[in-house]
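Colleague: For the sequence shown, our numbering begins at 602 and goes up steadily by one.
Okay, handing you the structure first.
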Amino acid sequence: IGLVLVIAWSTIVLPIFREMFDEFGLNLPAPTRLMFWVSDQVTIYALRTLALVAVGCATMIFLLRWWRSRALTNRIFGRLVAGTTENLQAMSRLTGTLAELLGLQLPLATALRYAGKASGHRYFAEAATQTAELAVANTAVNSAEAGVLVDPTGRLPQSVVYALTAGAESQPSVAVLRELAMIYAQIAQSRQDRSIGSLPVLGVVLIGLFVGFVVVSLFLPLVRMVTSLA
602 IGLVLVIAWS TIVLPIFREM FDEFGLNLPA PTRLMFWVSD QVTIYALRTL ALVAVGCATM
662 IFLLRWWRSR ALTNRIFGRL VAGTTENLQA MSRLTGTLAE LLGLQLPLAT ALRYAGKASG
722 HRYFAEAATQ TAELAVANTA VNSAEAGVLV DPTGRLPQSV VYALTAGAES QPSVAVLREL
782 AMIYAQIAQS RQDRSIGSLP VLGVVLIGLF VGFVVVSLFL PLVRMVTSLA
């Protein structure tokens, strides 16, 4: 809808106002000049604009994938972004996979490595791998008192660390891990639903802002002209 409005304004409405402003020889304010410049990019230089937009989108997608593949947000901000939807989804996959693998009687170290890969999140996969190395070394894995040492990176939530020693004889609790996976998934899904539900409202607001900017930009020169005549 927004693109249709931009094209319609650029091809139908703005040429009329541009011709009128040129006839009066008005000195156009910055917002009006910006609007006409955007109109020119959409109409006169359409192919160049499309090419630049395509290159820009491809670059942004590449940078976003590169950023996520290295989990730079988590590395830079740490605990400040621990509760993001992406992290919740990753932890849901990690804990769910870990619970199923442990339920199949796989060794904790092996289950942790596979669960880390299944999370699809490099930041947590590294934490799971290092935790698995501790499990292999038999360090603090079977001790409830040293449960916090199960995650040497400090990246895994304390609830997950607790679940690794919450079972009988300080063994991992499959039931707790499954419950955590469900909780993480439900919270992430709830956030996604709210975000999707807010998109129509956001679209209306953006369209309203665009229309308001166009109206103000078109009438500013006329207001200046009337003011100067007065």
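Backbone N, C-alpha and C fix where the C-beta goes; we use that ideal spot for every residue, glycine too.
Predicted, not measured: the structure shown is a model, and the values here were computed from it.
With respect to the alpha helix (DSSP H) encompassing residue 697, which residues constitute its N-terminal and C-terminal limits?
Modeller: 686-704
Colleague: Below 8 Å, how does it come out for the region 659-672 and the region 763-780: are there three or more Cβ pairs, yes or no?
Modeller: no
Colleague: Kindly indicate the opening and closing residues of the alpha helix (DSSP H) around residue 675.
Modeller: 673-678
Colleague: Cutting at 7 Å between CB atoms, please list the residues of its own chain near residue 694, excluding the five before and the five after it.
Modeller: So the list reads 719, 720 and 721, once near-sequence residues are dropped.
Colleague: Please report the distance separating the alpha-carbon of residue 674 from that of residue 822.
Modeller: 45 Å
Colleague: Assuming contact is defined by CB atoms lying nearer than 8 Å, are residue 698 and residue 715 in contact in what I supplied?
Modeller: Yes.
Colleague: With a threshold of 7 Å on Cβ separation, who are the neighbours of residue 608 within its own chain once the five nearest residues in sequence on each side are excluded?
Modeller: The residues are 643.
Colleague: Between residue 767 and the rest of its own chain, which residues show a CB-CB distance below 6 Å, the 5 nearest in sequence each way excluded?
Modeller: Spatial neighbours of residue 767 in its own chain (CB-CB distance under 6 Å, excluding positions within 5 residues in sequence) are listed in chain order as 774 and 777.
Colleague: Going by beta carbon distance, what residues of the same chain come within less than 7 Å of residue 622, once the five residues before and after it are set aside?
Modeller: 629 and 822
Colleague: Between which two residues does the alpha helix (DSSP H) carrying residue 823 extend?
Modeller: Unbroken alpha helix (DSSP H) run through residue 823: 775-830.
Colleague: Using the Cβ count rule (16 or more neighbours within 10 Å means buried), how would you classify residue 610?
Modeller: buried
Colleague: Quick check: the Cα distance between residue 780 and residue 793, rounded to an integer number of angstroms?
Modeller: 20 Å
Colleague: Hey, out of 713, 755 and 758, whose CA is closest to residue 737's CA?
Modeller: 713
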